Amino acid sequence: EAGVTQFPSHSVIEKGQTVTLRCDPISGHDNLYWYRRVMGKEIKFLLHFVKESKQDESGMPNNRFLAERTGGTYSTLKVQPAELEDSGVYFCASSQRGYNEKLFFGSGTQLSVL
Amino acid sequence: SQQGEEDPQALSIQEGENATMNCSYKTSINNLQWYRQNSGRGLVHLILIRSNEREKHSGRLRVTLDTSKKSSSLLITASRAADTASYFCATGGKLVFGKGTKLTVNP
């Protein structure tokens, strides 16, 4: 069984550019989460999808971040325009049932905004 | 907020020794989870302990939970070099993580 996959693994962009991160959850997992770790800080929750619906997007930093989950399958996280403070590792995770159960994480996308 | 805080921030031991990491959190919980992150990789779920459980084992891992003190500990016995990683506790439905404990096991 394939795990959670994220693409790209690394992205280096200039301030003001746009970047789109992609996450493919484990097949059959309705719940999909995005997290971010800025260097030296905690891993922080960004948002949670149940199928194609945003269940909780309270962690999204601002309106430069847009997450979508087309048809309840893969998800994209777009940052437009990117700022220096957006640099960090973006993790995607999925689970079958939702809260209070273990999550399966992807390897993350290392985003560097120069 | 339900925030896990791991202690110590870094731990260096010799292979074969035991490693103990602690986690404190702030509010009541349904369960607490421990994850491991190897360098450059995603987080891997290690163990979940529910609020009505006091201790749980999985292989060389032992987790305890003290809800009265709002704390948990992760014990890795007979550590190996491959255990070198960062370890995080997480609580809450959205999983609130701490900064983690960076464990180095020297061969």
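Those sequence lines, one after another, are chains A and B. Numbering follows this note's numbering, with no gaps: position 88 of the first sequence is 88. Numbering follows this note's numbering, with no gaps: position 27 of the second sequence is 141. Using N, Cα and C, we set each Cβ at its ideal position, and we do this for glycine too. Values in this document were obtained by computation on a predicted structure and should not be read as measured data.
Three-state secondary structure (DSSP) of residue i
| i | result |
| --- | --- |
| threonine 181 (chain B) | coil |
| alanine 2 (chain A) | coil |
| threonine 70 (chain A) | helix |
| asparagine 103 (chain A) | Reading off the sequence, residue 103 (chain A) comes out as leucine, not asparagine. Three-state DSSP puts leucine 103 (chain A) in coil, outside helix and strand. |
| glutamate 85 (chain A) | helix |
When the options are compared against residue i, the one with the closest alpha-carbon
| i | options | result |
| --- | --- | --- |
| glycine 40 (chain A) | B:Gln123, B:Arg174, B:Ala195 and B:Asn152 | B:Gln123 |
| arginine 155 (chain B) | B:Asp121, B:Gln147, B:Thr198 and B:Thr178 | B:Thr198 |
| threonine 76 (chain A) | A:Ala93, A:Ser87, A:Leu84 and A:Glu83 | A:Ala93 |
| leucine 84 (chain A) | A:Pro25, A:Lys15, A:Ser11 and A:Phe7 | A:Lys15 |
| leucine 46 (chain A) | A:Gly72, A:Ser9, A:Ile26 and A:Val89 | A:Val89 |
| lysine 184 (chain B) | B:Leu125, B:Glu120 and B:Thr141 | B:Thr141 |
| threonine 191 (chain B) | B:Ala133, B:Asp121 and B:Glu120 | B:Ala133 |
| lysine 78 (chain A) | A:Phe105, A:Lys44 and A:Gln17 | A:Gln17 |
| isoleucine 143 (chain B) | B:Lys213, B:Leu162, B:Asn136 and B:Ser153 | B:Leu162 |
| threonine 5 (chain A) | A:Thr73, A:Ile26 and A:Val12 | A:Ile26 |
| leucine 189 (chain B) | B:Pro221, B:Ser153, B:Asn220 and B:Leu160 | B:Leu160 |
| valine 113 (chain A) | A:Ala82, A:Glu101 and A:Phe7 | A:Ala82 |
| serine 193 (chain B) | B:Arg164, B:Glu119, B:Thr218 and B:Gln147 | B:Thr218 |
| glutamine 110 (chain A) | A:Ala2, A:Gly3 and A:Pro8 | A:Pro8 |
| arginine 22 (chain A) | A:Thr73, A:Lys102 and A:Arg37 | A:Thr73 |
Assigned exposure category for residue i - 16 Cβ within 10 Å defines buried
| i | result |
| --- | --- |
| threonine 205 (chain B) | buried |
| glycine 229 (chain B) | Residue 229 (chain B) is absent from the model: chain B starts at 115 and stops at 221. |
| histidine 48 (chain A) | buried |
| aspartate 116 (chain A) | Any question about residue 116 (chain A) goes unanswered here, given that chain A covers just 1 to 114. |
| glutamine 80 (chain A) | exposed |
| asparagine 166 (chain B) | exposed |
| lysine 208 (chain B) | buried |
Cβ contact check for the region 95-111 of chain A and the region 23-31 of chain A: 3 or more pairs under 8 Å: yes
Selection of the region 139-158 of chain B by Cβ proximity to chain A, strictly under 9 Å: Asn144, Asn145, Gln147, Tyr149, Gln151, Gly154, Arg155, Gly156, Leu157 and Val158
Near-chain A residues of the region 187-216 of chain B (beta-carbon distance less than 9 Å), N- to C-terminal order: Phe202, Ala204, Gly206, Gly207, Lys208, Leu209, Val210, Phe211, Gly212, Lys213 and Gly214
Contact list for the region 55-76 of chain A against chain B, Cβ threshold 9 Å: Asp56, Ser58 and Gly59
Chain A contacts from the region 158-186 of chain B (Cβ-Cβ distance under 8 Å): Val158, His159 and Leu162
Cβ-based contacts, 7 Å cut-off: residues of the region 88-103 of chain A near chain B: Phe91, Tyr99, Asn100, Lys102 and Leu103
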